[in-house]
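Visitor: Numbering that gives the first Met the number 0 puts the sequence shown at residues 0 to 494. Cβ atoms here follow ideal geometry from the backbone N, Cα and C, with glycine treated the same way. To start, I am sharing the structure in question, which I have written as structure tokens.
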Amino acid sequence: MFYWENINPPWLIITSLIAVLGALFTPSWTAVFRRKAVLPTVRSRWPWQSIPRALEADPDRFFAETTRKHGPAFAVHANGRKMIYVTNATLIAAIYKNSKSFVMSPLQGLWAKNCFGFPNRMLSSPVLGDIMASMHRDLSPKVVSSLLQSLASEGCSIIDARVLPPAGKHQGLLPFILDLAFDASTRSVFGPGMAALSPAFREAFWAFDTNLPRVAFGCPPQKVPGFEKHREYLVTEIISTLKDEKHHEGSELASSCISLGVNGGWSDSDIARILLGILWPLLANAPNAIFWLFALQLQHPDGLKPLVDEIDRAWELWRKKNPGANNYVDFAKDLPELPLLKSAIDETLRYASSSYSMRQVHEEGGTAIGSYFLQPGEQVVCVTRSVHLDENIYDDPLRYDPNRFLTHTGSPTVPSHAHMPFGGGISICEGRHYAVGKIRILTVLILLEFVIELDGRSPSTVKFAPDNRGFGMIRPDGDLNVKIRRRSRPAESQK
Ligand code: HEM
Numbered sequence: 000m001f002y003w004e005n006i007n008p009p010w011l012i013i014t015s016l017i018a019v020l021g022a023l024f025t026p027s028w029t030a031v032f033r034r035k036a037v038l039p040t041v042r043s044r045w046p047w048q049s050i051p052r053a054l055e056a057d058p059d060r061f062f063a064e065t066t067r068k069h070g071p072a073f074a075v076h077a078n079g080r081k082m083i084y085v086t087n088a089t090l091i092a093a094i095y096k097n098s099k100s101f102v103m104s105p106l107q108g109l110w111a112k113n114c115f116g117f118p119n120r121m122l123s124s125p126v127l128g129d130i131m132a133s134m135h136r137d138l139s140p141k142v143v144s145s146l147l148q149s150l151a152s153e154g155c156s157i158i159d160a161r162v163l164p165p166a167g168k169h170q171g172l173l174p175f176i177l178d179l180a181f182d183a184s185t186r187s188v189f190g191p192g193m194a195a196l197s198p199a200f201r202e203a204f205w206a207f208d209t210n211l212p213r214v215a216f217g218c219p220p221q222k223v224p225g226f227e228k229h230r231e232y233l234v235t236e237i238i239s240t241l242k243d244e245k246h247h248e249g250s251e252l253a254s255s256c257i258s259l260g261v262n263g264g265w266s267d268s269d270i271a272r273i274l275l276g277i278l279w280p281l282l283a284n285a286p287n288a289i290f291w292l293f294a295l296q297l298q299h300p301d302g303l304k305p306l307v308d309e310i311d312r313a314w315e316l317w318r319k320k321n322p323g324a325n326n327y328v329d330f331a332k333d334l335p336e337l338p339l340l341k342s343a344i345d346e347t348l349r350y351a352s353s354s355y356s357m358r359q360v361h362e363e364g365g366t367a368i369g370s371y372f373l374q375p376g377e378q379v380v381c382v383t384r385s386v387h388l389d390e391n392i393y394d395d396p397l398r399y400d401p402n403r404f405l406t407h408t409g410s411p412t413v414p415s416h417a418h419m420p421f422g423g424g425i426s427i428c429e430g431r432h433y434a435v436g437k438i439r440i441l442t443v444l445i446l447l448e449f450v451i452e453l454d455g456r457s458p459s460t461v462k463f464a465p466d467n468r469g470f471g472m473i474r475p476d477g478d479l480n481v482k483i484r485r486r487s488r489p490a491e492s493q494k
């Protein structure tokens, strides 16, 4: 038996002292003494797994469960690197505000080099700064309207020329939307000669897109099978387009990049790499957003009807205001407010985007996130999707609700820092105004021209793919079989 009475007092004092000192000087207590907590860390269970299995299999679940367990900031060891993930709106807003401690530029250079193959001479060239400034100007809300006007014209002519399968036959929604949006975007930005119209270019583009996130996350490009091959094919095709006279019919956005590069003594390959850097978000993100808008709406009990009704009403009103006008292109260039469509677009961007904002802790002194201290050079990922799925902000966040952002008073229903499909702070998406305009215009043109219905006789499903996360719209896994036919309209309403 053990009795407290048997312990003699000096021993009790000594052992208690050792226990208290031991507890105080374990690393976590050291951090508490310095008012800094140790960041919780998640690792792969097995040494041969480069990424924690749960993160790879179901990122949404991984972030939700890890946040519940460890709070909204934690480190993950993946691919031999430590990344610090931040999953709540307040901490993300604080990171966006503190651009001195959370910097972006070292990562931008690394991506340009690894993902798009920029040689060092491009990265150190003053021309790069000039090109970024011209892109910023050409994508700004004031200037972007001319780009959107040409998108409306190109979209209309592509829709007119579209050949549909024979009546009663179904087709995949995904290729229908992606091909249409792909062609309209490339033609409006780069002119009708753009090589992107070729099927081989498309195939190489999607292969490049599939692997890009791995490279952006630090995997050396030469270790990702096929990545460099597809990228260099795209670069070669863009070079041959540059030599084609037709590219001169392209937009200001493309032509100012090309002339700044040429005047700065850049090679064709350098210029093609910059153009690939513009093409990638242009083609990968906005077309997938349009796909999700249609796919989610078709699976919603109301289907596409409320959107079609709103657009038809606006079209009739527009024709009354513009007597004699009878042209979808002019209507698409002059679209009125469409509150339901706007809400459905905002909801699609909330529900189907996975956008990371990545930062590096400034090399001098380190900084803090909440109560955690971060070392200089550490890399931080703001997981905006976790905010989009936060039950404290959004009612029933796993439900697609096209009316969620409809406001009758005009005041927003959710705070702006809780809707971040385009990231935020110093690296907020440059193309966001163009992207939203493009989703609006192409959706209107498609719904004015086609009836799209799920093919009930050939059921199909589409889910969010677990990979390729963090770079804008989630890529689909699967597709929906749809029947598409042209709408019949009274003769005077036709284009
Ligand atoms: C639905 C469509 C799109 C989505 C969801 C999207 C999303 C994003 C995201 C999440 C970022 C990173 C933001 C951050 O780090 O905080 C980004 C950056 C960027 N995006 Fe987009 N994007 C879209 C369309 C476009 C388009 C159409 C263009 C160009 C025409 C574009 C050009 C850019 C550029 C240049 C950056 C880099 C900004 C910088 O680092 O300063 N994006 N985009």
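1. Look up ASN87 in the DSSP assignment and say whether it is helix, strand or coil.
2. Assign GLY477 to one of three DSSP states: helix, strand, or coil.
3. Cβ of SER354 within 8 Å of Cβ of THR86?
4. Should ILE427 be listed as close to the ligand HEM, given that the test is whether its C-beta is under 7 Å from any heavy atom?
5. Is it true that the CB of GLY436 sits closer than 8 Å to the CB of VAL461?
6. Using the C-alpha atoms, what's the distance from LYS168 back to GLU390?
7. Any idea what DSSP makes of THR240, helix, strand or coil?
8. Within 8 Å, do at least three Cβ pairs link the stretch 95-104 to the stretch 360-375?
9. Suppose the cutoff is 6 Å on Cβ atoms and the five residues either side in sequence are ignored; what does the same chain contact list for LEU210 look like?
10. Can you find a heavy atom of the ligand HEM that lies under 7 Å from the Cβ of PHE404?
11. As a quick exercise: from LEU109, ALA63, TYR393 and SER370, pick the residue whose alpha carbon is nearest that of PRO212.
12. Judging by CA-CA distance, which residue of THR347, ALA53, ASN113 and PHE290 is the nearest neighbour of ASP400?
13. Please state the DSSP three-state secondary structure of TYR327.
14. Is it the case that the stretch 121-130 contacts the stretch 447-462, given that we only count it when at least three CB pairs across the two stretches are under 8 Å?
15. Measure from the alpha carbon of SER184 to the alpha carbon of each residue in LEU278, PHE62, GLU202 and LYS242, then state which is nearest.
16. Would CYS114 pass as a contact of ALA215 if the rule is Cβ separation under 8 Å?
17. Residue range of the alpha helix (DSSP H) that VAL126 falls in?
18. Using the C-alpha atoms, what's the distance from ILE176 back to VAL328?
19. For ALA253 versus VAL162, is the C-beta spacing smaller than 8 Å?
20. Would the C-beta of GLY217 count as close to the ligand HEM, meaning under 7 Å from any of its heavy atoms?
21. Return the residue from the list HIS418, ALA180 and ASP57 that minimises the CA-CA distance to ALA288.
22. Quick one: what does DSSP say GLU452 is sitting in, helix, strand or coil?
23. With hydrogens ignored, establish whether the beta-carbon of SER356 is closer than 7 Å to any heavy atom of the ligand HEM.
24. Just to check, is the beta-carbon of SER352 closer than 7 Å to a non-hydrogen atom of the ligand HEM?
25. Across which residues does DSSP place SER356 in a beta bridge pair?
26. Please identify the residue among LYS332, ASN78 and MET419 whose C-alpha is closest to the C-alpha of SER149.
27. For GLN296, count the other beta carbons within 10 Å of its own beta carbon; 16 or more makes it buried, fewer makes it exposed. Which is it?
28. Is the beta carbon of LEU339 less than 8 Å from the beta carbon of LEU388?
29. Kindly confirm or deny that the stretch 265-273 and the stretch 227-240 touch, where touching means at least three C-beta pairs closer than 8 Å.
30. Could you please give the first and the last residue of the uninterrupted beta strand (DSSP E) stretch that includes HIS76?
Guide: Taking the coordinates as given:
1. Within the sequence shown, numbered from 1, the residue matching residue 87 stands at position 88. In the structure shown, ASN87 sits in coil (DSSP, three-state: anything other than H, G, I, E or B).
2. Position 478 of the sequence shown, counted from the start, is the residue given in the question as residue 477. Three-state result, GLY477: strand.
3. Within the sequence shown, residue 354 is the residue found at index 355, counting from 1. Within the sequence shown, residue 86 is the residue found at index 87, counting from 1. In this structure, SER354 lies away from THR86, with their beta-carbon atoms at least 8 Å apart.
4. Start at 1 with the first residue of the sequence shown, and residue 427 comes out as number 428. Yes - the ligand HEM has a heavy atom lying nearer than 7 Å to the Cβ of ILE427.
5. Against the sequence shown, residue 461 aligns to sequence position 462. Against the sequence shown, residue 436 aligns to sequence position 437. Cβ atoms of VAL461 and GLY436: not closer than 8 Å.
6. Taking the first residue of the sequence shown as 1, we reach residue 390 at position 391. Taking the first residue of the sequence shown as 1, we reach residue 168 at position 169. Answer to the nearest angstrom: the Cα atoms are 41 Å apart.
7. Taking the first residue of the sequence shown as position 1, residue 240 is located at position 241. THR240: helix per DSSP, three-state reduction.
8. yes
9. Here residue 210 refers to the residue found at position 211 of the sequence shown. Rather than Leu, the amino acid found at residue 210 in this sequence is Asn. A distance below 6 Å between beta-carbons, with the five flanking residues on each side excluded, links ASN210 to the following residues of its chain, in chain order: VAL223 and PHE226.
10. Here the question's residue 404 lines up with position 405 in the sequence shown. Flag unset: Cβ of PHE404 not near the ligand HEM.
11. Here residue 212 corresponds to residue number 213 of the sequence shown, with the count starting at 1. Of the listed residues, the one whose Cα sits closest to PRO212 is LEU109.
12. As a working note, residue 400 is residue 401 in the sequence shown. Minimum Cα distance to ASP400 is reached at THR347.
13. The residue given as residue 327 occupies position 328 in the sequence shown. In this structure, TYR327 counts as helix in the three-state DSSP scheme.
14. no
15. Numbered from 1 along the sequence shown, position 185 holds the residue referred to as residue 184. Per the Cα distances, LEU278.
16. To locate residue 114, count along the sequence shown from 1; it is residue 115. To locate residue 215, count along the sequence shown from 1; it is residue 216. Yes, they are a contact pair.
17. By one-based count along the sequence shown, residue 126 stands at place 127. Counting along the chain, the alpha helix (DSSP H) containing VAL126 begins and ends at 125-137.
18. Start at 1 with the first residue of the sequence shown, and residue 328 comes out as number 329. Start at 1 with the first residue of the sequence shown, and residue 176 comes out as number 177. Inter-residue distance for VAL328 and ILE176 is about 19 Å (C-alpha atoms, whole angstroms).
19. Sequence index remark: in the sequence shown, residue 253 carries index 254 (1-based). Sequence index remark: in the sequence shown, residue 162 carries index 163 (1-based). Not a contact, by the Cβ cut-off of 8 Å.
20. As a working mapping, residue 217 is identified with position 218 in the sequence shown. GLY217: no, Cβ never under 7 Å from the ligand HEM.
21. Looking up residue 288 in the sequence shown gives position 289. Checked all of HIS418, ALA180 and ASP57; the closest Cα to ALA288 is ALA180.
22. What you label residue 452 is simply residue 453 of the sequence shown in a count that begins at 1. Looking at GLU452 - three-state DSSP - the assignment turns out to be strand.
23. Counted from its first residue, the sequence shown places residue 356 at position 357. Checking every heavy atom of the ligand HEM against the Cβ of SER356, one is found closer than 7 Å.
24. Residue 352 sits at position 353 when you count from the first residue of the sequence shown. Yes; taking the cut-off as 7 Å, the Cβ of SER352 has a heavy atom of the ligand HEM nearer than that.
25. Here residue 356 refers to the residue found at position 357 when the sequence shown is read from its first residue. BP columns for SER356 point to CYS381.
26. Working through the sequence shown from its first residue, we reach residue 149 at position 150. Out of LYS332, ASN78 and MET419, LYS332 has the C-alpha closest to the C-alpha of SER149.
27. Counting from one through the sequence shown, the residue named residue 296 turns up at place 297. Residue environment for GLN296: buried (at least 16 other C-beta atoms within 10 angstroms of its C-beta).
28. Within the sequence shown, the letter at position 340 stands for residue 339. Within the sequence shown, the letter at position 389 stands for residue 388. It is not a contact, given that the beta carbons lie outside the stated cut-off.
29. yes
30. Taking the first residue of the sequence shown as position 1, residue 76 is located at position 77. Segment 72-77, the beta strand (DSSP E) holding HIS76.
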